[in-house]
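In this note's numbering, the protein residues as written are 64 to 471.
Every residue, glycine too, gets a C-beta built ideally from N, C-alpha and C.
This report concerns only the one structure given below.
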(Lines of atoms letter the chains of each structure in order from A and count residues from 1; the text may use other names and numbers.)
(Lines give C-alpha, C1' and ligand atoms only; values in the text may rest on other atoms or scores of the structure.)
Protein backbone atom coordinates (compact mmCIF):
# COMPACT_ATOMS: atom_id res chain seq x y z
CA UNK A 1 0.00 0.00 0.00
CA UNK A 2 2.82 2.44 0.79
CA UNK A 3 5.66 1.31 -1.48
CA UNK A 4 9.17 0.13 -0.72
CA UNK A 5 10.47 3.52 0.43
CA UNK A 6 7.82 4.25 3.07
CA UNK A 7 7.69 0.62 4.16
CA UNK A 8 11.44 0.68 4.60
CA UNK A 9 11.18 3.70 6.91
CA UNK A 10 8.47 2.04 9.02
CA UNK A 11 10.42 -1.22 9.28
CA UNK A 12 13.58 0.69 10.14
CA UNK A 13 11.78 2.57 12.93
CA UNK A 14 10.41 -0.69 14.33
CA UNK A 15 13.80 -2.37 14.12
CA UNK A 16 15.52 0.53 15.87
CA UNK A 17 12.93 0.47 18.68
CA UNK A 18 13.30 -3.29 19.07
CA UNK A 19 17.07 -2.98 19.18
CA UNK A 20 16.83 -0.28 21.86
CA UNK A 21 14.80 -2.52 24.14
CA UNK A 22 17.09 -5.43 23.47
CA UNK A 23 19.93 -3.36 24.85
CA UNK A 24 17.98 -2.38 27.97
CA UNK A 25 16.21 -5.70 28.53
CA UNK A 26 17.71 -7.55 31.53
CA UNK A 27 16.08 -10.80 30.34
CA UNK A 28 14.67 -11.51 33.77
CA UNK A 29 12.37 -14.12 32.28
CA UNK A 30 15.38 -16.38 31.69
CA UNK A 31 16.51 -16.06 35.28
CA UNK A 32 12.91 -16.42 36.48
CA UNK A 33 12.51 -19.83 34.89
CA UNK A 34 15.69 -21.02 36.55
CA UNK A 35 15.44 -19.46 40.02
CA UNK A 36 11.69 -19.52 40.80
CA UNK A 37 11.57 -23.36 40.85
CA UNK A 38 14.71 -23.36 43.01
CA UNK A 39 13.17 -20.80 45.40
CA UNK A 40 9.97 -22.83 45.54
CA UNK A 41 11.92 -25.97 46.44
CA UNK A 42 13.94 -24.15 49.09
CA UNK A 43 11.45 -21.87 50.83
CA UNK A 44 8.06 -22.19 49.14
CA UNK A 45 8.14 -18.48 48.19
CA UNK A 46 8.31 -19.01 44.44
CA UNK A 47 5.14 -17.00 43.72
CA UNK A 48 6.36 -13.98 45.69
CA UNK A 49 9.66 -14.06 43.84
CA UNK A 50 7.89 -14.24 40.48
CA UNK A 51 5.70 -11.22 41.24
CA UNK A 52 8.71 -9.23 42.42
CA UNK A 53 10.61 -9.99 39.24
CA UNK A 54 7.55 -9.16 37.11
CA UNK A 55 7.27 -5.72 38.71
CA UNK A 56 11.01 -5.15 38.35
CA UNK A 57 10.86 -6.07 34.65
CA UNK A 58 7.96 -3.69 34.02
CA UNK A 59 9.74 -0.87 35.84
CA UNK A 60 12.90 -1.29 33.78
CA UNK A 61 10.83 -1.28 30.57
CA UNK A 62 9.09 1.93 31.62
CA UNK A 63 12.41 3.64 32.33
CA UNK A 64 13.83 2.52 28.96
CA UNK A 65 10.71 3.87 27.22
CA UNK A 66 11.04 7.30 28.85
CA UNK A 67 14.73 7.55 27.94
CA UNK A 68 14.05 6.52 24.33
CA UNK A 69 11.22 9.04 23.92
CA UNK A 70 13.42 11.78 25.33
CA UNK A 71 16.21 10.84 22.91
CA UNK A 72 13.83 10.95 19.91
CA UNK A 73 12.46 14.31 21.01
CA UNK A 74 15.96 15.70 21.39
CA UNK A 75 17.04 14.41 17.96
CA UNK A 76 13.97 16.01 16.35
CA UNK A 77 14.58 19.35 18.07
CA UNK A 78 18.19 19.31 16.87
CA UNK A 79 17.04 18.66 13.30
CA UNK A 80 18.62 15.20 13.12
CA UNK A 81 15.26 13.52 12.49
CA UNK A 82 12.40 14.65 10.28
CA UNK A 83 8.99 15.08 11.89
CA UNK A 84 7.54 11.99 10.18
CA UNK A 85 10.42 9.69 11.13
CA UNK A 86 10.45 11.06 14.69
CA UNK A 87 6.75 10.31 15.06
CA UNK A 88 7.26 6.82 13.64
CA UNK A 89 10.00 6.24 16.19
CA UNK A 90 7.82 7.54 19.05
CA UNK A 91 4.98 5.18 18.16
CA UNK A 92 7.38 2.27 17.59
CA UNK A 93 9.05 2.85 20.96
CA UNK A 94 5.70 3.08 22.74
CA UNK A 95 4.48 -0.13 21.11
CA UNK A 96 7.67 -2.00 21.87
CA UNK A 97 7.82 -0.70 25.43
CA UNK A 98 4.43 -2.06 26.45
CA UNK A 99 5.40 -5.42 24.93
CA UNK A 100 8.31 -5.78 27.36
CA UNK A 101 6.36 -7.77 30.02
CA UNK A 102 5.29 -10.38 27.43
CA UNK A 103 8.30 -12.56 28.18
CA UNK A 104 7.70 -12.58 31.93
CA UNK A 105 4.01 -13.34 31.43
CA UNK A 106 4.73 -16.35 29.24
CA UNK A 107 7.34 -17.45 31.76
CA UNK A 108 4.64 -17.42 34.42
CA UNK A 109 2.45 -19.71 32.34
CA UNK A 110 5.42 -22.03 31.79
CA UNK A 111 6.18 -22.19 35.51
CA UNK A 112 2.52 -22.95 36.22
CA UNK A 113 2.48 -25.63 33.52
CA UNK A 114 -0.19 -23.71 31.56
CA UNK A 115 1.53 -23.71 28.18
CA UNK A 116 -1.66 -24.66 26.36
CA UNK A 117 -3.40 -21.61 27.81
CA UNK A 118 -0.34 -19.54 26.97
CA UNK A 119 -0.48 -20.66 23.35
CA UNK A 120 -4.16 -19.80 23.01
CA UNK A 121 -3.61 -16.38 24.54
CA UNK A 122 -0.66 -15.80 22.23
CA UNK A 123 -2.85 -16.46 19.20
CA UNK A 124 -5.69 -14.29 20.49
CA UNK A 125 -3.28 -11.47 21.31
CA UNK A 126 -1.76 -11.65 17.83
CA UNK A 127 -5.23 -11.40 16.29
CA UNK A 128 -6.10 -8.36 18.40
CA UNK A 129 -2.84 -6.61 17.51
CA UNK A 130 -3.22 -7.51 13.85
CA UNK A 131 -6.80 -6.23 13.72
CA UNK A 132 -6.00 -2.90 15.35
CA UNK A 133 -2.86 -2.29 13.27
CA UNK A 134 -4.64 -3.21 10.03
CA UNK A 135 -7.55 -0.93 10.91
CA UNK A 136 -5.08 1.87 11.55
CA UNK A 137 -3.31 1.24 8.24
CA UNK A 138 -6.54 1.45 6.22
CA UNK A 139 -7.78 4.44 8.22
CA UNK A 140 -4.75 6.67 8.42
CA UNK A 141 -1.71 5.04 6.84
CA UNK A 142 1.60 4.07 8.45
CA UNK A 143 1.31 6.31 11.53
CA UNK A 144 -2.05 4.91 12.60
CA UNK A 145 -0.74 1.45 11.76
CA UNK A 146 1.96 1.92 14.39
CA UNK A 147 -0.53 3.48 16.81
CA UNK A 148 -2.85 0.49 16.40
CA UNK A 149 0.02 -1.83 17.15
CA UNK A 150 0.84 0.09 20.33
CA UNK A 151 -2.75 0.04 21.60
CA UNK A 152 -3.09 -3.65 20.84
CA UNK A 153 0.19 -4.43 22.60
CA UNK A 154 -0.92 -2.51 25.70
CA UNK A 155 -4.22 -4.38 25.94
CA UNK A 156 -2.58 -7.77 25.44
CA UNK A 157 0.19 -7.04 27.97
CA UNK A 158 -2.32 -6.09 30.67
CA UNK A 159 -4.35 -9.29 30.18
CA UNK A 160 -1.29 -11.55 29.96
CA UNK A 161 0.32 -10.21 33.14
CA UNK A 162 -2.90 -10.49 35.12
CA UNK A 163 -3.66 -14.05 34.02
CA UNK A 164 -0.04 -15.18 34.40
CA UNK A 165 0.10 -13.88 37.98
CA UNK A 166 -3.08 -15.75 38.83
CA UNK A 167 -1.78 -18.94 37.21
CA UNK A 168 1.46 -18.84 39.21
CA UNK A 169 -0.45 -18.21 42.45
CA UNK A 170 -2.74 -21.18 41.77
CA UNK A 171 0.21 -23.45 40.95
CA UNK A 172 2.75 -22.44 43.61
CA UNK A 173 0.46 -21.04 46.25
CA UNK A 174 -0.25 -17.43 47.20
CA UNK A 175 2.54 -14.91 47.43
CA UNK A 176 3.92 -14.97 50.96
CA UNK A 177 6.68 -12.79 52.29
CA UNK A 178 9.10 -10.67 50.34
CA UNK A 179 12.00 -12.89 49.29
CA UNK A 180 15.33 -11.37 48.43
CA UNK A 181 16.81 -11.88 45.00
CA UNK A 182 18.51 -15.31 44.99
CA UNK A 183 22.26 -15.52 45.35
CA UNK A 184 23.94 -15.91 41.98
CA UNK A 185 21.03 -14.39 40.08
CA UNK A 186 22.98 -11.31 38.99
CA UNK A 187 25.93 -13.46 37.90
CA UNK A 188 23.48 -15.56 35.87
CA UNK A 189 21.46 -12.66 34.47
CA UNK A 190 24.37 -10.56 33.19
CA UNK A 191 25.71 -12.99 30.57
CA UNK A 192 22.15 -14.03 29.75
CA UNK A 193 21.14 -10.44 29.03
CA UNK A 194 24.24 -9.77 26.98
CA UNK A 195 23.56 -12.96 25.03
CA UNK A 196 20.00 -11.85 24.26
CA UNK A 197 21.26 -8.47 23.08
CA UNK A 198 23.72 -10.20 20.80
CA UNK A 199 20.97 -12.52 19.57
CA UNK A 200 18.92 -9.45 18.73
CA UNK A 201 21.75 -8.23 16.53
CA UNK A 202 21.44 -11.53 14.68
CA UNK A 203 17.73 -10.91 14.14
CA UNK A 204 16.22 -7.43 14.43
CA UNK A 205 19.61 -5.75 14.49
CA UNK A 206 20.38 -7.08 11.01
CA UNK A 207 17.52 -5.00 9.63
CA UNK A 208 18.82 -1.95 11.48
CA UNK A 209 22.31 -2.44 10.07
CA UNK A 210 20.83 -3.09 6.62
CA UNK A 211 19.11 0.29 6.83
CA UNK A 212 22.46 2.00 7.27
CA UNK A 213 24.43 0.07 4.63
CA UNK A 214 21.74 -0.55 2.03
CA UNK A 215 18.92 1.89 2.66
CA UNK A 216 15.16 1.24 2.68
CA UNK A 217 15.16 -1.04 -0.44
CA UNK A 218 17.50 -3.58 1.22
CA UNK A 219 15.53 -3.40 4.48
CA UNK A 220 12.28 -4.08 2.64
CA UNK A 221 13.72 -7.03 0.70
CA UNK A 222 15.19 -8.62 3.83
CA UNK A 223 11.98 -8.05 5.79
CA UNK A 224 9.95 -9.82 3.10
CA UNK A 225 12.37 -12.68 2.49
CA UNK A 226 13.00 -13.29 6.20
CA UNK A 227 9.25 -13.71 6.84
CA UNK A 228 9.07 -17.46 5.98
CA UNK A 229 12.04 -18.19 8.23
CA UNK A 230 10.49 -16.12 11.00
CA UNK A 231 7.25 -18.04 10.59
CA UNK A 232 9.09 -21.32 11.01
CA UNK A 233 10.88 -19.87 14.04
CA UNK A 234 7.48 -19.20 15.63
CA UNK A 235 6.91 -22.95 15.42
CA UNK A 236 10.34 -23.81 16.84
CA UNK A 237 10.38 -21.24 19.64
CA UNK A 238 7.43 -22.74 21.58
CA UNK A 239 9.21 -26.11 21.53
CA UNK A 240 12.17 -24.56 23.33
CA UNK A 241 9.77 -22.66 25.61
CA UNK A 242 8.17 -25.95 26.65
CA UNK A 243 11.55 -27.59 27.12
CA UNK A 244 13.07 -24.89 29.33
CA UNK A 245 10.80 -25.35 32.40
CA UNK A 246 11.23 -29.13 32.16
CA UNK A 247 15.00 -28.80 32.15
CA UNK A 248 15.03 -26.14 34.89
CA UNK A 249 12.81 -28.23 37.14
CA UNK A 250 14.92 -31.32 36.48
CA UNK A 251 18.04 -29.43 37.55
CA UNK A 252 16.26 -28.03 40.62
CA UNK A 253 15.29 -31.59 41.64
CA UNK A 254 18.81 -32.86 41.00
CA UNK A 255 17.83 -35.19 38.16
CA UNK A 256 20.57 -36.98 36.26
CA UNK A 257 22.03 -36.17 32.86
CA UNK A 258 20.13 -39.07 31.27
CA UNK A 259 16.80 -37.29 31.81
CA UNK A 260 18.02 -34.14 30.09
CA UNK A 261 19.63 -36.04 27.21
CA UNK A 262 16.36 -37.88 26.60
CA UNK A 263 14.40 -34.63 26.26
CA UNK A 264 17.08 -33.10 24.02
CA UNK A 265 17.06 -36.17 21.74
CA UNK A 266 13.27 -36.10 21.45
CA UNK A 267 13.29 -32.39 20.66
CA UNK A 268 15.95 -32.78 17.97
CA UNK A 269 14.04 -35.64 16.37
CA UNK A 270 10.82 -33.63 16.40
CA UNK A 271 12.46 -30.59 14.80
CA UNK A 272 14.19 -32.75 12.18
CA UNK A 273 10.84 -34.03 10.97
CA UNK A 274 9.24 -30.60 11.19
CA UNK A 275 12.05 -28.90 9.30
CA UNK A 276 12.11 -31.50 6.53
CA UNK A 277 8.33 -31.29 6.10
CA UNK A 278 8.36 -27.49 6.07
CA UNK A 279 11.15 -27.35 3.49
CA UNK A 280 9.45 -29.93 1.23
CA UNK A 281 6.17 -28.00 1.23
CA UNK A 282 7.32 -24.38 1.32
CA UNK A 283 10.44 -24.16 -0.83
CA UNK A 284 8.75 -24.86 -4.19
CA UNK A 285 6.01 -22.31 -3.41
CA UNK A 286 7.93 -19.35 -2.02
CA UNK A 287 8.62 -17.55 -5.29
CA UNK A 288 4.99 -17.71 -6.35
CA UNK A 289 3.65 -16.72 -2.95
CA UNK A 290 5.93 -13.68 -2.69
CA UNK A 291 4.99 -12.56 -6.19
CA UNK A 292 1.27 -12.85 -5.45
CA UNK A 293 1.56 -11.18 -2.05
CA UNK A 294 3.95 -8.33 -2.88
CA UNK A 295 3.79 -7.96 -6.63
CA UNK A 296 6.11 -8.49 -9.59
CA UNK A 297 8.58 -5.98 -8.13
CA UNK A 298 9.68 -8.66 -5.65
CA UNK A 299 9.33 -11.70 -7.90
CA UNK A 300 13.08 -12.33 -7.95
CA UNK A 301 13.39 -12.44 -4.17
CA UNK A 302 12.06 -16.00 -3.95
CA UNK A 303 15.57 -17.50 -4.01
CA UNK A 304 16.63 -15.32 -1.09
CA UNK A 305 13.57 -16.42 0.89
CA UNK A 306 14.34 -20.08 0.15
CA UNK A 307 17.88 -19.78 1.49
CA UNK A 308 16.76 -17.94 4.62
CA UNK A 309 14.01 -20.49 5.26
CA UNK A 310 16.56 -23.29 4.84
CA UNK A 311 18.78 -21.58 7.40
CA UNK A 312 15.86 -21.34 9.82
CA UNK A 313 15.06 -25.05 9.39
CA UNK A 314 18.69 -26.03 10.02
CA UNK A 315 18.94 -23.78 13.07
CA UNK A 316 15.66 -25.17 14.40
CA UNK A 317 17.25 -28.61 14.78
CA UNK A 318 19.05 -27.32 17.87
CA UNK A 319 16.39 -24.89 19.13
CA UNK A 320 17.26 -26.23 22.59
CA UNK A 321 20.65 -24.48 22.44
CA UNK A 322 19.10 -21.28 23.82
CA UNK A 323 17.66 -22.94 26.94
CA UNK A 324 19.92 -25.87 27.78
CA UNK A 325 22.93 -23.78 28.96
CA UNK A 326 20.60 -21.60 31.02
CA UNK A 327 18.85 -24.55 32.67
CA UNK A 328 22.18 -26.14 33.59
CA UNK A 329 23.58 -22.86 34.94
CA UNK A 330 26.08 -22.26 32.13
CA UNK A 331 24.94 -19.04 30.42
CA UNK A 332 28.52 -18.40 29.31
CA UNK A 333 28.22 -21.14 26.69
CA UNK A 334 25.19 -19.45 25.18
CA UNK A 335 26.82 -16.01 25.31
CA UNK A 336 30.00 -17.20 23.58
CA UNK A 337 28.05 -18.90 20.81
CA UNK A 338 25.71 -15.95 20.24
CA UNK A 339 28.63 -13.53 20.07
CA UNK A 340 30.32 -15.66 17.44
CA UNK A 341 27.10 -16.04 15.46
CA UNK A 342 26.28 -12.33 15.57
CA UNK A 343 29.79 -11.37 14.50
CA UNK A 344 29.62 -13.76 11.55
CA UNK A 345 26.17 -12.53 10.48
CA UNK A 346 27.16 -8.87 10.65
CA UNK A 347 30.34 -9.68 8.73
CA UNK A 348 28.30 -11.55 6.11
CA UNK A 349 25.97 -8.57 5.67
CA UNK A 350 28.80 -6.04 5.44
CA UNK A 351 30.75 -8.17 2.95
CA UNK A 352 27.61 -8.62 0.85
CA UNK A 353 26.93 -4.86 0.92
CA UNK A 354 30.52 -4.03 -0.07
CA UNK A 355 30.64 -6.71 -2.78
CA UNK A 356 27.32 -6.01 -4.50
CA UNK A 357 25.73 -2.79 -5.63
CA UNK A 358 22.10 -3.89 -6.09
CA UNK A 359 19.91 -4.53 -3.04
CA UNK A 360 18.72 -7.90 -4.36
CA UNK A 361 22.26 -9.17 -4.95
CA UNK A 362 23.28 -8.02 -1.49
CA UNK A 363 20.35 -9.89 0.05
CA UNK A 364 21.20 -13.03 -1.92
CA UNK A 365 24.84 -13.05 -0.79
CA UNK A 366 23.78 -12.48 2.81
CA UNK A 367 21.27 -15.35 2.60
CA UNK A 368 24.00 -17.76 1.48
CA UNK A 369 26.16 -16.60 4.36
CA UNK A 370 23.34 -17.09 6.85
CA UNK A 371 22.74 -20.65 5.65
CA UNK A 372 26.42 -21.56 6.05
CA UNK A 373 26.50 -20.02 9.54
CA UNK A 374 23.39 -21.99 10.55
CA UNK A 375 25.00 -25.27 9.43
CA UNK A 376 28.19 -24.52 11.37
CA UNK A 377 26.25 -23.53 14.49
CA UNK A 378 24.12 -26.67 14.45
CA UNK A 379 27.21 -28.82 14.16
CA UNK A 380 28.81 -27.00 17.07
CA UNK A 381 25.93 -27.64 19.46
CA UNK A 382 25.52 -31.29 18.53
CA UNK A 383 29.21 -32.00 19.08
CA UNK A 384 29.29 -29.96 22.31
CA UNK A 385 26.19 -31.46 23.91
CA UNK A 386 28.05 -33.82 26.22
CA UNK A 387 30.26 -31.03 27.58
CA UNK A 388 27.27 -28.76 28.28
CA UNK A 389 25.54 -31.52 30.26
CA UNK A 390 27.87 -32.47 33.07
CA UNK A 391 27.32 -33.96 36.47
CA UNK A 392 28.47 -30.74 38.13
CA UNK A 393 25.45 -28.88 36.70
CA UNK A 394 22.99 -31.16 38.50
CA UNK A 395 23.46 -30.04 42.06
CA UNK A 396 20.98 -31.33 44.62
CA UNK A 397 19.73 -28.89 47.19
CA UNK A 398 21.56 -29.21 50.50
CA UNK A 399 19.48 -30.39 53.43
CA UNK A 400 19.85 -27.03 55.14
CA UNK A 401 18.34 -25.27 52.11
CA UNK A 402 15.37 -27.55 51.71
CA UNK A 403 11.90 -26.21 52.18
CA UNK A 404 10.96 -25.98 55.86
CA UNK A 405 8.61 -28.70 57.07
CA UNK A 406 5.30 -28.03 58.78
CA UNK A 407 6.81 -28.86 62.17
CA UNK A 408 9.55 -26.32 61.63
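Collapsed DSSP secondary structure at residue 347 in the structure displayed: Position 284 of the chain shown, counting from 1, holds the residue named residue 347. Helix.
Residue 286, DSSP secondary structure in three states: On the chain shown, position 223 is the one that residue 286 refers to. In the structure shown, residue 286 adopts helical secondary structure according to DSSP, grouped into three states.
Top-ranked residue by Cα proximity to residue 128, from 153, 237 and 141: As a first step, residue 128 must be located in the chain shown, where it is residue number 65. Residue 153 is the option with its Cα nearest to residue 128.
Rounded C-alpha distance that separates residue 458 from residue 171: Your numbering for residue 458 matches position 395 in the chain shown. Your numbering for residue 171 matches position 108 in the chain shown. Below a pLDDT of 50, predicted positions are generally treated as unreliable, and residue 458, at 41, falls in that range; no measurement from the model is reported.
Spatial neighbours of residue 125 in its chain, beta-carbon cut-off 8 Å, leaving aside the 5 residues before and after: Looking up residue 125 in the chain shown gives position 62. Excluding residues within five positions, the ones whose Cβ falls inside 8 Å are 160.
Length at least 4, wholly inside the segment 168–205: the alpha helix (DSSP H) runs in chain order: 178–203
Sub-7 Å separation of residue 110 and residue 232 beta-carbons: Counting from one through the chain shown, the residue named residue 110 turns up at place 47. Counting from one through the chain shown, the residue named residue 232 turns up at place 169. Using a Cβ distance threshold of 7 Å, residue 110 and residue 232 count as a contacting pair.
Residues near residue 86 by beta carbon distance below 7 Å, same chain, minus five either side: Your numbering for residue 86 matches position 23 in the chain shown. Cβ within range, chain order: 260.
Close Cβ partners of residue 422 (< 7 Å) along its chain, the five nearest in sequence each way excluded: The residue labelled residue 422 in the question sits at position 359 within the chain shown. So the list reads 277, 280, 281 and 284, once near-sequence residues are dropped.
Residue 221 to residue 446 span [Cα, whole Å]: The residue you call residue 221 lines up with position 158 of the chain shown. The residue you call residue 446 lines up with position 383 of the chain shown. Residue 221 and residue 446: Cα-Cα distance of roughly 42 Å.
Simplified DSSP assignment, three categories, for residue 243: By 1-based counting over the chain shown, the position of residue 243 is 180. Correct three-state label for residue 243: coil.
Closest Cα partner of residue 364 within the set 428, 186 and 252: One-based indexing of the chain shown puts residue 364 at position 301. Among 428, 186 and 252, the Cα nearest to that of residue 364 is on 428.
Three or more C-beta pairs below 8 Å linking the segment 333–344 and the segment 384–400: With a cut-off of 8 Å, the segment 384–400 and the segment 333–344 do not count as touching, because too few Cβ pairs lie within range.
Sub-7 Å separation of residue 215 and residue 192 beta-carbons: For the purposes of this step, residue 215 is taken as the residue at position 152 of the chain shown. For the purposes of this step, residue 192 is taken as the residue at position 129 of the chain shown. Contact flag set, yes.
7 Å Cβ cutoff met for residue 112 and residue 102: What you label residue 112 is simply residue 49 of the chain shown in a count that begins at 1. What you label residue 102 is simply residue 39 of the chain shown in a count that begins at 1. Yes, they are a contact pair.
For residue 70 and residue 403, the rounded distance between their alpha carbons: Within the chain shown, numbered from 1, the residue matching residue 403 stands at position 340. Within the chain shown, numbered from 1, the residue matching residue 70 stands at position 7. Cα to Cα, the separation comes out at about 31 Å.
Sequence-distant residues of the same chain with beta carbon closer than 8 Å to residue 324, five excluded per side: In the chain shown, residue 324 corresponds to position 261, counting from 1. Correct list, in chain order: 448 and 452.
Top-ranked residue by Cα proximity to residue 377, from 398, 337, 347 and 412: Counting from 1 along the chain shown, the entry for residue 377 is found at position 314. Ranked by how close their Cα comes to the Cα of residue 377, the residues 398, 337, 347 and 412 have 337 in first place.
Residue burial classification, residue 328 (beta-carbon count within 10 angstroms, cutoff 16): Numbered from its first residue, the chain shown carries residue 328 at position 265. Under this definition residue 328 is an exposed residue.
Residue range of the unbroken alpha helix (DSSP H) whose run includes residue 376: For the purposes of this step, residue 376 is taken as the residue at position 313 of the chain shown. Looking at the DSSP string, the run of the alpha helix (DSSP H) that includes residue 376 is 365–379.
Own chain partners of residue 94 with C-beta closer than 8 Å, once the 5 adjacent residues on each side are dropped: Position 31 of the chain shown, counting from 1, holds the residue named residue 94. 116, 248, 251, 252 and 255.
Endpoints, alpha helix (DSSP H) assigned at residue 98: Walking along the chain shown from the start, residue 98 turns up at place 35. Where residue 98 is concerned, the enclosing alpha helix (DSSP H) stretches over 91–105.
Three-state secondary structure (DSSP) of residue 144: Within the chain shown, the letter at position 81 stands for residue 144. Three-state result, residue 144: coil.
Integer-rounded CB distance, given that residue 408 should sit under 8 Å from residue 265: Along the chain shown, one-based indexing puts residue 265 at 202. Along the chain shown, one-based indexing puts residue 408 at 345. 5 Å between Cβ atoms; contact.
Between the CA atoms of residue 387 and residue 66 - distance to the nearest angstrom: Within the chain shown, numbered from 1, the residue matching residue 66 stands at position 3. Within the chain shown, numbered from 1, the residue matching residue 387 stands at position 324. If I take the Cα positions, the gap works out to 42 Å.
Close-in-space but distant-in-sequence residues of the same chain around residue 289 (CB under 7 Å, 5 per side omitted): On the chain shown, residue 289 is found 226 positions in, with the first residue counted as 1. Same-chain partners within the cutoff: 371.
Outcome for residue 64 when other beta-carbon atoms lying within 10 angstroms are tallied against a minimum of 16: Locating residue 64 in the chain shown gives position 1, counting from the first residue. By the neighbour-count rule (16 or more Cβ atoms within 10 Å), residue 64 is not buried but exposed.
Backbone secondary structure at residue 323 - three-state DSSP: Within the chain shown, numbered from 1, the residue matching residue 323 stands at position 260. Three-state result, residue 323: helix.
Segment limits, alpha helix (DSSP H) that includes residue 361: Within the chain shown, the letter at position 298 stands for residue 361. Per DSSP, residue 361 belongs to no alpha helix (DSSP H) and is neither H nor E.
Whole runs of the alpha helix (DSSP H) within the segment 372–449, excluding any shorter than 4 residues: 387–390 and 394–418
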